[in-house]
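Data block below; observations after.
In my numbering, the protein residues as written are -13 to 380.
Following this line, the structure appears as structure tokens:
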């Protein structure tokens, strides 16, 4: 029995949730029984069913702790750790658990406390993510969060990292962040995530192209949460500096920066060239398949599943080169000129390379596209990752 666990799973949408689904499917393909354990927190104040079968995968949910406030912030990790333990213990009694793959530190720590064999596949550093996702608050609350609440929660992640049987990450950047958090070296294995090649290999949807009137334009694509660290404003600004006016930008996602980004678009008089699609819950591949190039303008990205989706969609990729304040894994994954263009952070350079790629001959773009597809197909396999996580040596 293999247990995959994190805070959220379907119907929630995100990179971690997707990884649980594809790992579960990969384990099923190699004949392993899988259960996904996640919280019952639904949309708003709603709760999800404790037991559910989703896509032929068994899902068991523990009761999430939803009370807020200062006291709630301190109690939550302890209460949920106890509740996760209880669910895992029940599963282990019925069918012995051989491996737990945890994508959240509380879930990992709960598994370790039961003596289960745990691989902690770290999605990010809690304190860094919490600061990034923080919506505007007053100075007093910000001080309490930054100096008391976040460090307190971070202690649980430090414990989880120390107690897990194996710690795995998707990039050297993530590995370095863990070293900074722990202030010492621990064994950390770098593994490659997977991407669903078949999903991103369909024929493009002409209805979407017609909706945004994209038929004769070169289309750039940005995908992700609209938060400051994703750098979408740089993509909009670069578009305004392009000499090729037959180019447009699709922005897929939503977030706290959306109003600000729309104001920038209006100020630069780009309303007829920049389109805010919103969050896409299903068939996001359609937007990759109608685009001509992918922009990764993030200044901080622990790995970037969207890069793999762009590779699988045969899109050339334009991205900042990793280094300095650009804390991404782009330079680990991509090769300049082979997979697109990598360059130092500079909006003028981004505009230059957007012009460059938009004026390339189709044959040149096709060469990059085939190279990217082959990279995704040969290096980023969910089944390979599933087997790697079962290996006792990492």
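Here a beta-carbon is modelled for each residue, glycine too, at the ideal position from N, C-alpha and C.
Please read these numbers as outputs of a predicted model, since none were measured by experiment.
Quiz item: For the beta strand (DSSP E) that residue 364 lies in, which residues bound it at each end?
Solution: Counting from one through the chain shown, the residue named residue 364 turns up at place 378. Where residue 364 is concerned, there is no enclosing beta strand (DSSP E), although the alpha helix (DSSP H) it sits in stretches over 348 to 365.
Exercise. Please state whether DSSP places residue -9 in a helix, a strand or coil.
Key: Locating residue -9 in the chain shown gives position 5, where the first residue counts as 1. Strand at residue -9.
Quiz item: How would you write the range of the alpha helix (DSSP H) that residue 7 sits in, first residue to last?
Solution: Position 21 of the chain shown, counted from the start, is the residue given in the question as residue 7. Its alpha helix (DSSP H) spans residues 1 to 15.
Practice problem: Whole angstroms is fine: what's the gap from residue 46's alpha carbon to residue 244's? | Solution: As a first step, residue 46 is located in the chain shown; it is residue number 60 there, counting from the start. As a first step, residue 244 is located in the chain shown; it is residue number 258 there, counting from the start. For residue 46 and residue 244, the distance between alpha carbons rounds to 35 Å.
Exercise. Mind the definition here: the stretch 356 to 373 touches the stretch 177 to 188 only if three or more C-beta pairs lie below 8 Å; say whether that holds.
Key: yes
Quiz item: From residue 324 to residue 257, what does the alpha carbon distance come to, in whole angstroms?
Solution: Counted from its first residue, the chain shown places residue 324 at position 338. Counted from its first residue, the chain shown places residue 257 at position 271. The straight-line gap from Cα to Cα measures roughly 33 Å.
Practice problem: Indicate whether the contact test is met: 3 or more Cβ pairs, each with one atom in the stretch 199 to 212 and one in the stretch 23 to 37, closer than 8 Å. | Solution: no
Quiz item: When the Cα atoms are used, what is the spatial distance from residue 53 to residue 1?
Solution: Translated into positions along the chain shown, residue 53 becomes position 67. Translated into positions along the chain shown, residue 1 becomes position 15. Each residue's Cα considered, the two are about 26 Å apart.
Quiz item: Counting Cβ pairs closer than 8 Å, one from the stretch 368 to 377 and one from the stretch 314 to 323, do we hit at least three?
Solution: no
Exercise. For residue 254, I'd like the list of residues in its chain whose CB is within less than 6 Å of its CB, leaving aside the five on either flank, ordered along the chain.
Key: Indexing the chain shown from 1 puts residue 254 at position 268. So the qualifying residues of the chain are 226.
Exercise. Would you kindly check if the distance between the Cβ of residue 315 and the Cβ of residue 283 is under 8 Å?
Key: For the purposes of this step, residue 283 is taken as the residue at position 297 of the chain shown. For the purposes of this step, residue 315 is taken as the residue at position 329 of the chain shown. Their beta carbons are not under 8 Å apart, which means residue 283 does not touch residue 315 by this criterion.
Quiz item: For the alpha helix (DSSP H) that contains residue 218, what are its first and last residues?
Solution: One-based indexing of the chain shown puts residue 218 at position 232. Residue 218 -> alpha helix (DSSP H) spans 218 to 227.
Self-check item: Coarse secondary structure for residue 311, derived from DSSP in three states
Solution: For the purposes of this step, residue 311 is taken as the residue at position 325 of the chain shown. Correct three-state label for residue 311: coil.
Practice problem: Taking the CB atoms as reference points, tell me whether residue 381 and residue 241 lie closer together than 8 Å. | Solution: The requested residue 381 does not occur in the structure, where the chain is confined to residues -13 to 380.
Self-check item: Range of the contiguous beta strand (DSSP E) that encloses residue 233
Solution: Stepping through the chain shown from its first residue, residue 233 is reached at position 247. Segment 233 to 238, the beta strand (DSSP E) holding residue 233.
Practice problem: Taking residue 58 as part of the alpha helix (DSSP H), name the residues at either end of that continuous run. | Solution: Counting from 1 along the chain shown, the entry for residue 58 is found at position 72. Where residue 58 is concerned, the enclosing alpha helix (DSSP H) stretches over 55 to 80.
Self-check item: For residue 175: DSSP bridge partner residues
Solution: As a first step, residue 175 must be located in the chain shown, where it is residue number 189. Answer is 154, bridged to residue 175.
Exercise. Can you tell me which of the three DSSP states residue 337 falls into?
Key: Your numbering for residue 337 matches position 351 in the chain shown. Three-state DSSP puts residue 337 in a helix.
Exercise. Look up residue 293 in the DSSP assignment and say whether it is helix, strand or coil.
Key: As a first step, residue 293 must be located in the chain shown, where it is residue number 307. Of the three classes helix, strand and coil, the one that applies to residue 293 here is helix, per DSSP.
Quiz prompt | 8 Å contact criterion, which residue 329 and residue 339 should meet: CB distance rounded | solution = Walking along the chain shown from the start, residue 329 turns up at place 343. Walking along the chain shown from the start, residue 339 turns up at place 353. The pair is a contact, with the Cβ atoms about 6 Å apart (cut-off 8 Å).
Quiz item: Mapping DSSP to helix, strand and coil, what is residue 21?
Solution: The residue given as residue 21 occupies position 35 in the chain shown. Of the three classes helix, strand and coil, the one that applies to residue 21 here is strand, per DSSP.
Quiz prompt | Residue interval of the beta strand (DSSP E) (run including residue 44) | solution = Looking up residue 44 in the chain shown gives position 58. Element bounds for residue 44: 43 to 48.
Quiz item: Which whole-angstrom value describes the C-beta separation of residue -7 and residue 23, a residue pair presumed to lie in contact below a C-beta threshold of 8 Å?
Solution: Within the chain shown, residue -7 is the residue found at index 7, counting from 1. Within the chain shown, residue 23 is the residue found at index 37, counting from 1. With a Cβ gap of about 10 Å, residue -7 and residue 23 do not count as contacting.
Quiz prompt | Rounded straight-line distance, which links the Cα of residue 312 to that of residue 306 | solution = Counted from its first residue, the chain shown places residue 306 at position 320. Counted from its first residue, the chain shown places residue 312 at position 326. Approximately 7 Å between the Cα atoms of the pair.
Self-check item: residue 300, buried or exposed, once every other Cβ within 10 Å from all chains shown has been counted against 16
Solution: As a first step, residue 300 must be located in the chain shown, where it is residue number 314. Looking at its Cβ environment, which holds 16 or more other Cβ atoms inside 10 Å, residue 300 is buried.
Quiz prompt | Per-residue burial, residue 290 [other beta carbons within 10 Å of its own, 16 or more giving buried] | solution = Position 304 of the chain shown holds residue 290. Looking at its Cβ environment, which holds 16 or more other Cβ atoms inside 10 Å, residue 290 is buried.
Quiz item: Got a sec? Which residues, its chain only, sit under 7 Å from residue 62 by beta carbon, not counting five neighbours each side?
Solution: Stepping through the chain shown from its first residue, residue 62 is reached at position 76. Here the set comprises 51.
Quiz prompt | Meets three-Cβ-pair contact criterion under 8 Å: the stretch 140 to 148 and the stretch 166 to 174 | solution = yes
Practice problem: Give the range of the beta strand (DSSP E) segment to which residue 38 is assigned. | Solution: Position 52 of the chain shown, counted from the first residue, corresponds to residue 38. Run containing residue 38: 37 to 40, per the beta strand (DSSP E) assignment.
Quiz item: With a cut-off of 8 Å, do at least 3 Cβ pairs link the stretch 157 to 164 to the stretch 74 to 86?
Solution: no
Exercise. Might you give, ordered along the chain, the residues of its own chain that have their beta carbon closer than 6 Å to the beta carbon of residue 19, omitting 5 neighbours on each side?
Key: One-based indexing of the chain shown puts residue 19 at position 33. The residues are -13.
Quiz item: Beta carbon of residue 297, beta carbon of residue 362: below 8 Å?
Solution: On the chain shown, residue 297 is found 311 positions in, with the first residue counted as 1. On the chain shown, residue 362 is found 376 positions in, with the first residue counted as 1. Yes, the pair counts as a contact, with Cβ atoms nearer than the cut-off.
Quiz item: How would you label residue 302, buried or exposed, when you count the other beta carbons within 10 angstroms and need 16 or more for buried?
Solution: On the chain shown, residue 302 is found 316 positions in, with the first residue counted as 1. Per the 10 Å Cβ criterion, buried.
Quiz item: When you compare only the Cα positions, how much space is there between residue 278 and residue 11?
Solution: Residue numbering aside, residue 278 sits at position 292 when the chain shown is read from its first letter. Residue numbering aside, residue 11 sits at position 25 when the chain shown is read from its first letter. Going from the Cα of residue 278 to the Cα of residue 11 covers about 30 Å.
Quiz item: When the Cα atoms are used, what is the spatial distance from residue 125 to residue 102?
Solution: Position 139 of the chain shown, counting from 1, holds the residue named residue 125. Position 116 of the chain shown, counting from 1, holds the residue named residue 102. About 42 Å.
Self-check item: For residue 281, the three-state DSSP class (helix, strand or coil)
Solution: Here residue 281 is taken as the residue at index 295 of the chain shown, counted from 1. Three-state DSSP puts residue 281 in a strand.
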